[in-house]
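Before any comments, here is the structure.
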Amino acid sequence: MPSYAKVLKELLTKKRKYIEKETIEVQGNCSVIIQKLVPPKLQDPRSFTIPCTIGDLEVGRALIDLGSNINLMPLSVLKKIGGLRLKPTKISLLMADGSSKKPYGVVEDIVVQMERLEFLVDFVVMEMKEDENIPIIRGRPFMKTAEVIINVDDGLIMFKDQEEEVIFDVIKDKQIQVKKISHRAASKDALVNRHKATKSINKEELQ
5 MPSYAKVLKE LLTKKRKYIE KETIEVQGNC SVIIQKLVPP KLQDPRSFTI
55 PCTIGDLEVG RALIDLGSNI NLMPLSVLKK IGGLRLKPTK ISLLMADGSS
105 KKPYGVVEDI VVQMERLEFL VDFVVMEMKE DENIPIIRGR PFMKTAEVII
155 NVDDGLIMFK DQEEEVIFDV IKDKQIQVKK ISHRAASKDA LVNRHKATKS
205 INKEELQ
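Numbering of the sequence shown is given in this note's numbering, commencing with residue 5 and proceeding in unit increments.
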């Protein structure tokens with residue numbers, strides 16, 4: 005099998021396990037918000053917030069949480085966006101206190117814009133109270149996709165898509181640097197088409 009096919013197979017296999025896994029342990033601010041315990045401590049150096057747009061809807065700020073191993077979206081936000089296909093899921097979420105929650109479902113391959121960059125993201129959808137200021141949580145799955153690097157001391161967060169690298173100043177709440185990535189350059193359509201093609205490659209080999 006060509007090396008690129010091995011990589012695609014590995015990505016697909018890991019993603020399928022994430023969606024179908026029976027129990028996912030939820031930590032960090034994600035667990036706090038789901039359980040409605042206390043407002044998240046945004047001063048926590050593990051947590052940064054970035055403006056976020058899905059489709060034509062500016063959904064507010066996304067909480068970048070190192071302590072969360074899922075990307076979380078309230079059901080109310082899903083309904084506001086509209087047109088997203090909600091899939092059933094077998095997973096359950098294990099909270100920090102040992103209790104468990106059942107997600108409403110999952111949505112896959114959602115094009116999300118953060119500053120100038122766009123990413124394809126999967127979300128776990130929960131029927132829960134929406135935080136008007138921070139309705140979306142991006143956990144480690146997103147951080148890996150976006151190659152996120154956080155400078156806690158200076159309040160900076162860097163992330164990349166296929167075309168550009170952006171540094172955002174969380175303290176000043178503004179983008180401070182954009183850098184082209186010529187060797188990875190790809191259009192939005194190419195990114196989406198490649199992601200779709202990835203899912204269809206060698207389906208039989210995943211079984």
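Positions of the beta carbon are idealized from the N, C-alpha and C atoms, including for glycine.
Legend entry - Distance, Asn75 Cα to Arg144 Cα: 8 Å
Inset, instruction - Excluding the 5 residues preceding and the 5 following Glu29 in the sequence, name in chain order all residues of the same chain whose CB lies nearer than 6 Å to its CB. - result: Leu98
Inset, instruction - Find the nearest neighbour of Lys178 within the set Met118, Ile138, Pro139 and Glu167, judged by alpha-carbon distance. - result: Met118
Legend entry - For Lys178, the three-state DSSP class (helix, strand or coil): In this structure, Lys178 counts as strand in the three-state DSSP scheme.
Legend entry - Rounded separation between Cys34 and Asp69 - CA only: 8 Å
Inset, instruction - Could you name each continuous alpha helix (DSSP H) segment of 4 residues or more that falls completely within the region 63-100, going from the start of the chain to the end? - result: Counting only runs of 4 or more, we get 79-85.
Inset, instruction - Would you decide whether Ile153 is buried or exposed? Buried here means 16 or more other CB atoms lie within 10 Å of its CB. - result: exposed
Inset, instruction - Report all residues from its chain with a CB closer than 8 Å to the CB of Asp165; omit the five preceding and five following residues, and keep chain order. - result: Non-local C-beta neighbours of Asp165 in its own chain, meaning closer than 8 Å and more than five positions away in sequence, comprise Leu121, Glu122, Phe123, Ala150 and Leu195, ordered along the chain.
Legend entry - Same chain only: Cβ atoms within 6 Å of Leu59, ignoring 5 sequence neighbours per side: It should be noted that the sequence gives Gly, not Leu, for residue 59. Counting only Cβ-Cβ distances below 6 Å, and skipping sequence neighbours, we find Ile85.
Legend entry - Whole-number beta carbon distance between Gly64 and Ile138, since they are thought to touch under 8 Å: 6 Å
Legend entry - Burial state of Gln47, where buried means 16 or more other Cβ atoms lie within 10 Å: Any reading at Gln47 must be qualified, since the residue scores a pLDDT of 48, below 50, and its modelled position is unreliable; no value is offered.
Legend entry - Val125, buried or exposed, once every other Cβ within 10 Å from all chains shown has been counted against 16: buried
Inset, instruction - Taking Arg144 as part of the alpha helix (DSSP H), name the residues at either end of that continuous run. - result: Unbroken alpha helix (DSSP H) run through Arg144: Arg144 to Thr149.
Inset, instruction - Count the other CB atoms, across all protein chains shown, that sit within 10 Å of the CB of Glu1; report buried if there are 16 or more and exposed otherwise. - result: In the structure displayed, the chain extends from 5 to 211; residue 1 sits before or after that span and is not available.
Inset, instruction - Using only alpha-carbon positions, find the residue among Phe163, Asp158 and Ile140 that is nearest to Lys148. - result: Closest by alpha carbon: Phe163.
Inset, instruction - Drop a sphere of 10 angstroms on the beta-carbon of Leu67, count the other beta-carbons inside from all chains shown, and report buried for 16 or more, exposed for fewer. - result: buried
Legend entry - Residue interval of the beta strand (DSSP E) (run including Gly109): Gly109 to Met118
Inset, instruction - With a threshold of 16 other CB atoms inside 10 Å of the CB of Leu61, please say whether the residue is buried or exposed. - result: exposed
Inset, instruction - Could you check how far apart the C-beta atoms of Glu134 and Pro78 are, in whole angstroms? I think they sit under 8 Å. - result: 4 Å
Inset, instruction - Classify Ile138 as helix, strand or coil using the three-state DSSP reduction. - result: coil
Inset, instruction - Please go through the same chain and pick out, in chain order, the residues whose beta-carbon is closer than 8 Å to the beta-carbon of Ser96, but skip the five residues on each side of it. - result: Glu26, Thr27, Ile28, Ser104, Lys105, Lys106 and Pro107
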